[in-house]
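Enquirer: Take a look at the following structure, please.
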Amino acid sequence: MFSNDYSLMRALLEIIVETMQGPAAGVQAAECWAAVLELPCCWIASRLGPFLPSRVAAALGNIQIVKGYRTVVSPRGSSLAVTTWLGLPNDIDPEGSSLTITTCITLMIPNKPKNFPSTPSPPSSIFKMAGGHRLCSQILGFIHALQFLCSITTVYGMVPQSPVECSSSGCILRNSYGAWGDRRDCSALNVTYPTTEEQLRSAVSYAVQNNLKVKVVTKFSHTIPKLACPQGSSRASAGATLLISTEKYDSGIEIDAANMAVTVDAGVGLRQLIDAVESRGFSLVAAPYWEGVTVAGVISTGAHGSSWWGKGGSVHDHVLAITLVVPASRSEGYAKVLRLEAQDPMLNAAKLSLGVLGAISKVKLSIEHRFKRSIRYNFSEIDDVIEDVYAEHAKKYEFADITWYPSRHTVVYRYDSRVPLNASGDGLNDFIGFQPNSILISESVRTAEKLLENKRNVNGKCLTAATTLGFKRLIGNGLKNNGQIFSGYPVVGYQGKMQTSGSCLYSTRFDTSCAWDPRIKGLFFYESTAIFPATAFGDFVRDVRKLRDLKPENFCGVDNYNGLLIRFIKASSAYLGQPENSVVVDFNYYRANDPSNPRLNQDLLEEVEQLAFFKYGAKPHWAKNRNVAFLGVQHKYPKFDMFIAAKQKMDPQNVFSSEWSDAILYGKESEKVDGCALEGLCICSEDRHCSPQKGFYCSHGLVYKEARVCRYSQSSTSPSSTIA
């Protein structure tokens with residue numbers, strides 16, 4: 001909710017007005033309804049004017065945006081729905097086409113006031129389009145700002161769906177995004193839901209006896225590669241396969257206070273675990289930024305936070321022991337339970353296993369006495385020193401990270417360290433990207449993004465990037481001093497509330513969801529994550545900056561999401577962990593609904609991807625990335641052969657392996673077919689691997705000349721003749 005003054009709303013309106021003032025000046029105004037909630041009195045005002053700074057009110061008058069003000073409110077049970085109809089003016093493009101958009105935003109107020117105004121009838125339509133196809137950039141900036149506004153004020157929504165759906169013909173496994181890297185279904189003959197270790201052992205035993213391929217899946221299925229797919233790409237080819245879901249194996253959490261450890265069932269969710277240990281006066285030190293994961297899923301894929309201190313930011317490096325169910329001989333009942341302790345070298349294989357060794361039953365993690373953290377974000381417009389300061393930054397702050405917005409020439413440094421337990425503050429890290437978003441807003445943002453892509457409108461993307469970054473600065477990127485709103489730095493809070501977030505997971509009504517929920521037409525994107533040896537990271541940054549400087553606006557699409565997030569993880573003893581202190585770079589970007597549609601600036605991010613994984617030898621995050629990131633991955637890990645030896649010992653019949661997981665583990669390239677490079681299934685070597693019919697041809701990189709990328713050309717002549 002808003003604070004008692006109007007600082008947040010005013011600042012948001014300032015962003016909107018400053019964004020729209022120039023391009024919208026002098027145009028005819030469209031009808032606009034606006035509702036403003038005054039707190040703490042809880043009544044709806046019929047005019048914006050009294051609550052706007054004079055400069056903003058004057059700007060609104062000058063651009064003639066608002067024709068009138070009306071209030072639209074309605075009761076929903078014990079809540080109050082505040083609905084705003086936004087009408088914005090036509091933007092006439094050089095060709096004379098135009099678009100008028102009228103959309104509605106609904107904010108849910110949990111406590112309905114006793115007296116509220118009557119409810120006038122809303123406009124008959126939500127969207128009204130006239131003429132051509134060019135969406136004015138001002139509308140997009142407005143919608144992006146509203147997306148974050150609604151994420152603050154709306155707290156209800158859809159709970160994520162189960163990833164496994166079954167019918168009489170078999171089961172389909174989907175990830176939380178609704179689409180795997182190759183967009184083909186992941187099928188299985190059946191699924192079972194054990195609740196105890198013995199039931200888990202029985203499930204594995206049954207699979208071994210019946211020669212079934214097995215994969216373990218969590219209730220979140222929050223991975224991008226097909227590590228959890230047992231076999232086949234359709235129900236017909238699912239064959240002899242079985243999914244074992246840990247969704248109901250999540251009740252056991254045992255805290256050993258004397259030995260500073262906690263042992264949990266494989267299916268226990270991260271938030272469930274954090275809350276349990278915090279309630280007993282302890283804290284987990286490491287956790288990923290997204291809490292929609294299970295404990296076994298976290299360690300199996302190398303999920304991490306950010307730290308070079310202590311044991312580091314990777315959760316698997318805090319593992320003390322693992323209980324694993326593996327295939328066995330007939331005399332052993334076809335399955336057996338292995339308990340791997342710290343002194344057992346097999347633990348180094350099992351604590352980051354990709355699920356190919358067996359089924360994890362229990363995980364024992366180290367814990368510490370409960371502590372607090374203090375977080376401050378420093379937004380800097382000097383972005384040419386990252387490579388000089390990143391190492392010192394990581395050494396100075398225990399939970400440091402850096403976010404780079406290349407198109408905006410902005411770097412955000414996270415100053416994040418422990419403070420005494422008696423330090424004042426009960427803050428919350430509620431990252432705005434993981435908050436429940438209005439479904440309407442998520443769908444509007446996606447629609448706008450698709451229009452910009454289709455019309456190759458780089459300037460529109462840059463406007464939304466600027467608006468998004470401005471709003472992140474305004475609200476502290478989701479930090480909340482009192483659990484409700486951001487009022488200033490530093491934000492101090494307990495570790496359990498500051499280390500991870502994901503409030504969109506817990507919404508319970510239909511009108512909000514996680515922005516990428518596949519049941520709505522919301523965000524749909526790629527996520528690339530490269531892990532560099534610390535010594536190579538600086539040169540990578542320099543090359544990306546060279547690429548940026550050629551045409552900065554081409555990076556606006558990345559900055560619309562979260563720029564380049566830079567984190568730190570420590571050298572690990574895990575065979576598939578990092579052999580040295582490393583720097584992790586994570587970036588998200590638009591993915592088309594139609595796999596045959598190239599992206600705006602397709603070549604740019606392909607070159608960044610190849611710079612990372614091939615020129616500088618970065619390793620891919622095991623749970624993220626497009627397929628090309630895994631090419632040759634087996635040669636990047638010094639202890640890879642030791643992992644394979646452990647795999648052959650624990651699962652000699654490859655019960656827990658499949659063609660999908662083998663493709664990731666052994667770095668196999670997909671078959672090169674027409675358009676395969678568009679989705680990162682291959683690296684182009686011929687024009688047909690791109691989309692020549694849509695003007696995208698295979699070409700050299702601009703900075704990394706050895707890169708092979710799909711680049712748009714208005715000429716009908718292919719540039720591929722220059723490729724050696």
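For the sequence shown, full-length UniProt numbering begins at 1 and goes up steadily by one.
C-beta atoms are modelled at their ideal positions from N, C-alpha and C, and glycine is treated no differently.
1. So the candidates are K570, V655, V544 and G557; which of them puts its Cα closest to the Cα of Q610?
2. Could you give the residue range of the alpha helix (DSSP H) that holds residue 725?
3. Can you tell me whether W660 is helix, strand or coil according to DSSP?
4. Need the endpoints of the beta strand (DSSP E) that H700 sits in, please.
5. Below 8 Å on the Cβ atoms is my guess for T529 versus N437; work out the distance and round it to an integer in Å.
6. For the beta strand (DSSP E) containing V703, name the first residue and the last one.
7. Along the chain, where does the beta strand (DSSP E) containing S245 start, and where does it finish?
8. How is the alpha helix (DSSP H) around D275 delimited, first residue to last?
9. Is it true that the CB of L681 sits closer than 8 Å to the CB of D182?
10. How do the stretch 532-550 and the stretch 279-292 stand: do at least 3 beta-carbon pairs fall below 8 Å, yes or no?
11. Tell me, please, which residues DSSP counts as bridged to I360.
12. Would you tell me roughly how many angstroms separate the C-alpha atoms of P620 and L352, rounded to the nearest one?
13. Pull up the distance between the alpha-carbon of E165 and that of L173, whole angstroms please.
14. CA-CA distance, R708 and G695?
15. Taking one C-beta from the stretch 384-401 and one from the stretch 469-481 each time, how about it: are there three or more such pairs within less than 8 Å?
16. Determine the extent of the alpha helix (DSSP H) in which residue 781 is found, giving its start and end residues.
17. Starting from L565, trace the beta strand (DSSP E) both ways and give me its first and last residue.
18. Tell me whether D401 sits in a helix, a strand or coil according to DSSP, three-state version.
19. Using 8 Å as the threshold, is the C-beta distance between G675 and S691 below it?
20. With a threshold of 16 other CB atoms inside 10 Å of the CB of M498, please say whether the residue is buried or exposed.
21. What would DSSP say about V337, mapped onto helix, strand or coil?
22. Name, in chain order, the residues that DSSP records as bridge partners for R418.
23. Please report how far the alpha carbon of H369 lies from the alpha carbon of G312, in whole angstroms.
24. Can you tell me which of Q602, K615 and S658 puts its alpha carbon nearest to the alpha carbon of S713?
25. Quick check: what's the CA-CA separation for T246 versus L631?
26. Once the 5 residues before and after Y575 are set aside, which same chain residues still bring their CB inside 8 Å of it?
27. Determine the closest residue to G425 out of Y494, R418, K455 and N454, with distance taken between C-alpha atoms.
28. From what residue to what residue does the alpha helix (DSSP H) around F643 run?
29. Rounded to the nearest angstrom, what separates G170 and A188 at their Cα positions?
30. In this structure, does DSSP put R711 in helix, strand or coil?
31. For Y704, count neighbouring C-beta atoms within 10 Å of its own C-beta (all shown protein chains included) and say buried if the count is 16 or more, exposed if not.
32. Can you look up K450 in the DSSP assignment and give me helix, strand or coil?
33. For C514, name the three-state secondary structure that DSSP assigns.
34. Judging by CA-CA distance, which residue of K455, S202, K372 and V492 is the nearest neighbour of G427?
35. To the nearest angstrom, how far is the alpha carbon of A612 from that of E332?
36. Considering only C-alpha positions, which residue in the set W180, F524, G355 and I375 is nearest to A423?
Expert: Concretely, from the data shown:
1. Your numbering for residue 610 matches position 610 in the sequence shown. Taking Q610 as reference, the option from K570, V655, V544 and G557 with the minimal CA-CA separation is V544.
2. Residue 725 lies beyond the stretch modelled for the chain, which goes from 1 to 724, so this question has no answer here.
3. For the purposes of this step, residue 660 is taken as residue 660 along the sequence shown, with counting starting at 1. DSSP, read as helix, strand or coil, puts W660 in helix.
4. For the purposes of this step, residue 700 is taken as residue 700 along the sequence shown, with counting starting at 1. Looking at the DSSP string, the run of the beta strand (DSSP E) that includes H700 is F696 to H700.
5. Against the sequence shown, residue 529 aligns to sequence position 529. Against the sequence shown, residue 437 aligns to sequence position 437. Contact doesn't hold; Cβ gap of about 23 Å is too wide.
6. One-based indexing of the sequence shown puts residue 703 at position 703. Looking at the DSSP string, V703 is not in any beta strand (DSSP E), and its letter there is neither H nor E.
7. For the purposes of this step, residue 245 is taken as the residue at position 245 of the sequence shown. In this chain, the beta strand (DSSP E) harbouring S245 covers T241 to S245.
8. Numbered from its first residue, the sequence shown carries residue 275 at position 275. Note, D275: alpha helix (DSSP H), L270 to S279.
9. Indexing the sequence shown from 1 puts residue 182 at position 182. Indexing the sequence shown from 1 puts residue 681 at position 681. Yes.
10. Not touching, per the Cβ criterion.
11. Taking the first residue of the sequence shown as 1, we reach residue 360 at position 360. Note: I360 is bridge-paired with L324 in the DSSP secondary-structure output.
12. Here residue 620 is taken as the residue at index 620 of the sequence shown, counted from 1. Here residue 352 is taken as the residue at index 352 of the sequence shown, counted from 1. Cα to Cα, P620 sits roughly 14 Å from L352.
13. Stepping through the sequence shown from its first residue, residue 165 is reached at position 165. Stepping through the sequence shown from its first residue, residue 173 is reached at position 173. Using only the alpha carbons, I get a separation of about 7 Å.
14. By 1-based counting over the sequence shown, the position of residue 708 is 708. By 1-based counting over the sequence shown, the position of residue 695 is 695. Distance between the alpha carbons of R708 and G695: 16 Å.
15. The answer is no - the stretch 469-481 does not touch the stretch 384-401, with fewer than three Cβ pairs under 8 Å.
16. Here the chain comprises residues numbered 1 to 724, so residue 781 is not present and cannot be evaluated.
17. By 1-based counting over the sequence shown, the position of residue 565 is 565. Here the beta strand (DSSP E) through L565 covers L564 to I569.
18. Here residue 401 refers to the residue found at position 401 when the sequence shown is read from its first residue. In the structure shown, D401 sits in a strand (DSSP, three-state: E or B).
19. Counting from one through the sequence shown, the residue named residue 675 turns up at place 675. Counting from one through the sequence shown, the residue named residue 691 turns up at place 691. Yes, the pair counts as a contact, with Cβ atoms nearer than the cut-off.
20. Against the sequence shown, residue 498 aligns to sequence position 498. Around the Cβ of M498, a 10 Å sphere holds 16 or more other Cβ atoms; the residue is buried.
21. The residue labelled residue 337 in the question sits at position 337 within the sequence shown. Three-state DSSP puts V337 in a strand.
22. Sequence index remark: in the sequence shown, residue 418 carries index 418 (1-based). R418 is bridged to R373.
23. Counted from its first residue, the sequence shown places residue 369 at position 369. Counted from its first residue, the sequence shown places residue 312 at position 312. Answer to the nearest angstrom: the Cα atoms are 17 Å apart.
24. For the purposes of this step, residue 713 is identified with residue 713 of the sequence shown, where counting begins at 1. Measuring C-alpha to C-alpha distances from S713 to each of Q602, K615 and S658 identifies Q602 as the nearest.
25. Looking up residue 246 in the sequence shown gives position 246. Looking up residue 631 in the sequence shown gives position 631. In this model, T246 and L631 are separated by some 30 Å (Cα to Cα).
26. Taking the first residue of the sequence shown as 1, we reach residue 575 at position 575. So the qualifying residues of the chain are N348, A349, L352, Y637, K639, F640, M642, F643 and A646.
27. Position 425 of the sequence shown, counting from 1, holds the residue named residue 425. Among Y494, R418, K455 and N454, the Cα nearest to that of G425 belongs to Y494.
28. Residue mapping note: residue 643 aligns to position 643 of the sequence shown, counting from 1. Where F643 is concerned, the enclosing alpha helix (DSSP H) stretches over F640 to M650.
29. Within the sequence shown, the letter at position 170 stands for residue 170. Within the sequence shown, the letter at position 188 stands for residue 188. Using only the alpha carbons, I get a separation of about 6 Å.
30. Your numbering for residue 711 matches position 711 in the sequence shown. Note: R711 maps to strand in three-state DSSP.
31. For the purposes of this step, residue 704 is taken as the residue at position 704 of the sequence shown. Buried, since its Cβ has 16 or more Cβ neighbours within 10 Å.
32. By 1-based counting over the sequence shown, the position of residue 450 is 450. Three-state result, K450: helix.
33. Locating residue 514 in the sequence shown gives position 514, where the first residue counts as 1. Look at C514 here: in three-state DSSP terms it is coil, with no helix or strand label.
34. For the purposes of this step, residue 427 is identified with residue 427 of the sequence shown, where counting begins at 1. G427 has its Cα closest to that of V492, out of K455, S202, K372 and V492.
35. By 1-based counting over the sequence shown, the position of residue 612 is 612. By 1-based counting over the sequence shown, the position of residue 332 is 332. Approximately 46 Å between the Cα atoms of the pair.
36. Taking the sequence shown and counting its residues from 1, the one referred to as residue 423 is at position 423. Here the closest residue by C-alpha is I375.
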